[in-house]
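Everything in the sequence shown is counted per full-length UniProt numbering, starting at 1 for the first residue and increasing by one. I have placed the structure first, in the form of structure tokens, so that the comments after it can refer back to it.
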Amino acid sequence: MIASFTVRNYLSFRQPVTFSFEPTSDSFMSDEYLIEIKEGVRLLKIGIIYGANASGKTNLISALDTLRAIMCLPIEDKTKDVGVVPFLLDEESRQGKTEFELSFYINKEKYLLQLTADSKRIYQEKLFFYPSSRAAVLYERNYNPELDLVEINWGSYLKLSKKSYMAIEGNTIANMSVIAAWSKSNVETSRLNDVYLFFSEQMFLPVTATLSLAAYVRETLRNDVKGTVKDFAKKFLQTSDFNISDIDIEDEEVQLNEEVRTLLSSLPVPENAKFDWLKDGIIRKEQFVFTHQTSQGKYRLPETMESAGTFQILMLSVLLYKVLHQASIIIIDEIEASLHYELLSYFVRTFIASCEMPSQLLFTTHDLNLLNEEFVRRDTIWFAEKGADGGSMLTRLSAYGLHKTASPYNAYRQNKLASLPFLGSHYIDINGD
1 MIASFTVRNY
11 LSFRQPVTFS
21 FEPTSDSFMS
31 DEYLIEIKEG
41 VRLLKIGIIY
51 GANASGKTNL
61 ISALDTLRAI
71 MCLPIEDKTK
81 DVGVVPFLLD
91 EESRQGKTEF
101 ELSFYINKEK
111 YLLQLTADSK
121 RIYQEKLFFY
131 PSSRAAVLYE
141 RNYNPELDLV
151 EINWGSYLKL
161 SKKSYMAIEG
171 NTIANMSVIA
181 AWSKSNVETS
191 RLNDVYLFFS
201 EQMFLPVTAT
211 LSLAAYVRET
221 LRNDVKGTVK
231 DFAKKFLQTS
241 DFNISDIDIE
251 DEEVQLNEEV
261 RTLLSSLPVP
271 ENAKFDWLKD
281 GIIRKEQFVF
291 THQTSQGKYR
301 LPETMESAGT
311 FQILMLSVLL
321 YKVLHQASII
331 IIDEIEASLH
341 YELLSYFVRT
351 FIASCEMPSQ
361 LLFTTHDLNL
371 LNEEFVRRDT
381 IWFAEKGADG
391 GSMLTRLSAY
401 GLHKTASPYN
411 AYRQNKLASL
421 PFLGSHYIDI
431 NGD
């Protein structure tokens, strides 16, 4: 689970901003909202980020995902971009480095990762863990500009062989993290395994406007031999007032006309794939087929006939199954997309009430109705907003000092919390005078 995340000089974040799952002293619905990681340590299972358009909400998700990718995706090419983009609205930041810090827990033990990079290379990477109240170094990696070389100092707790250390060091090029290099190395098991799995499996690929996870949902249901995920999704859809009684995945064959054949021939894809397509003149693709139970009987409809809201609920139901059965960190940008508010509220309440795994849900939203709900803890809500310098800030609702009887919804609408979008006159001079 994530305890806190800090980022500086990344996209709209000029100054350091910190998002935290560490709870305040608020005792409201503690049993429902908090997961006990170890004795005396409890973390929030949910985080909600509000803010106007272009306030920085999505950029925080991007920062987390960029760090995830750096830590678990190996790089073969020394010239490949690291993936970080600095704050671009002042010259010092443009030339500066991006900094990440992530505090997280694995198997009841606390870890702390610090990483500094620009688009070309990683300059510093430190990984600590806490066997007690004091931090112990697992490794510290630095860039030596004089030798144009990565240097790694190993802590005493890893206890790898000299050969293993050398293998990891040999794979650690300037634009790749030590953990990603470890994943390419044939070395014995250590704490590095756990850290790699945290980033590669527990931190899930964010759901954004450009990534709907339809392929993930199809693959999950395809591999669901026992049908448990499918049954869960069907039940969730039915409980959410959809009259869908079954979900199937079927192969559809699409005949290629001459124009499409010509286009495929010029695509930069492997020749064997082109050969298979052009030989048969057919492209096979998977599609969902939904069975609807109505008063007139059962009817099967292809996915092209379903609404965006149906797909959103199906995706959320599969993700919900994952977090309820496996320790996971799910991140969703604009979770309310294509959803009626009651469905969004139902999903959030179900997660809060039912999740007993060390899982977390972080999402952004524009739907203000959650601010008016009595079941929402105030330390789960954050606001992103832009400053005069164009940099984003992130503030927790509980930091505003709002009285416990005051409505966060009304306070936000009255501009007493983060700034609302400033809109001009409703009257437009259509003549341009």
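Cβ coordinates follow ideal geometry from the N, Cα and C atoms, glycine included.
| Query | Result |
| --- | --- |
| Give me the Cα-Cα distance between A418 and S398, rounded to the nearest whole angstrom. | 12 Å |
| Distance check for L320 and L361, CA to CA, integer angstroms please. | 9 Å |
| According to DSSP, what are the bridge partners of Q293? | K298 |
| Is L370 closer than 8 Å to I46 when the C-beta atoms are compared? | no |
| Would you mind giving the Cβ-Cβ distance between A174 and V150, rounded to the nearest angstrom? I have them listed as a contact below 8 Å. | 6 Å |
| Based on the DSSP secondary-structure assignment, which residues constitute the bridge partners of A63? | According to DSSP, A63 bridges with nothing at all. |
| When the Cβ atoms of the region 141-155 are set against those of the region 91-103, are three or more pairs found closer than 8 Å? | no |
| Whose C-beta lies closer than 6 Å to the C-beta of I70 among residues of the same chain, with five residues either side of it excluded? | S177 |
| Taking the alpha-carbon positions, what's the A214 to D148 distance? | 43 Å |
| What do you get for D333, buried or exposed, if any count of 16 or more other CB atoms within 10 angstroms of its CB means buried? | buried |
| Take the Cβ of L160 as the centre, count every other Cβ of all protein chains shown within 10 Å, and call the residue buried at 16 or more, exposed below. | buried |
| Can you list the beta strand (DSSP E) stretches of 3 or more residues lying completely in the region 359-401, in chain order? | 360-364, 381-386 and 392-396 |
| E169 by DSSP, collapsed to three states: which one? | helix |
| Which partner residues does residue 475 have in the DSSP bridge list? | Since the first and last residues shown for the chain are 1 and 433, residue 475 lies out of range. |
| Of all the options I331, W382, Q15 and A411, which has the alpha carbon lying nearest to the alpha carbon of L64? | I331 |
| Please report the residue range of the alpha helix (DSSP H) in which residue 450 lies. | Residue 450 lies beyond the stretch modelled for the chain, which goes from 1 to 433, so this question has no answer here. |
| I think K234 touches I247, with their Cβ atoms under 8 Å apart; what is that distance to the nearest whole Å? | 6 Å |
| On a CA-only basis, which of V41, Y346 and A3 is nearest D241? Give me that one, please. | Y346 |
| Under the three-state reduction of DSSP, which class applies to A135: helix, strand or coil? | coil |
| For D216 and T98, I'd like the C-alpha separation in whole angstroms. | Inspection of the sequence shows that residue 216 is occupied by Tyr rather than by Asp. Straight-line Cα distance between these residues: approximately 31 Å. |
| Determine whether the beta carbon atoms of W382 and L368 lie at a separation below 8 Å. | no |
| Within the continuous alpha helix (DSSP H) that includes Q312, where are the two ends? | A308 to H325 |
| Using 8 Å as the limit for Cβ to Cβ distance, is N186 near chain C? | The chain inventory of the structure shown lacks chain C, comprising one protein chain alone. |
| Compute the distance between the beta-carbons of M1 and P358, then report whether it is under 8 Å. | yes |
| Quick check on the DSSP output: the beta strand (DSSP E) that includes L113 runs from which residue to which? | E109 to A117 |
| If you draw a straight line from the alpha carbon of residue 480 to that of E169, how long is it in whole angstroms? | The first residue shown for the chain is 1 and the last is 433, placing residue 480 beyond what the model contains. |
| Across which residues does DSSP place S20 in a beta bridge pair? | S4 |
| Could you please give me the residues that DSSP links to Y216 through a beta bridge? | Note: Y216 sits in no beta bridge, so no partner. |
| State yes or no: is the C-beta of V323 nearer than 7 Å to some heavy atom of the ligand COA? | Judged by which ligands are present, the structure shown has none, so any question about the ligand COA falls away. |
| Where does L192 sit, in a helix, a strand or coil, going by DSSP? | helix |
| Give a yes or no on whether the C-beta atoms belonging to V85 and K120 are separated by under 8 Å. | no |
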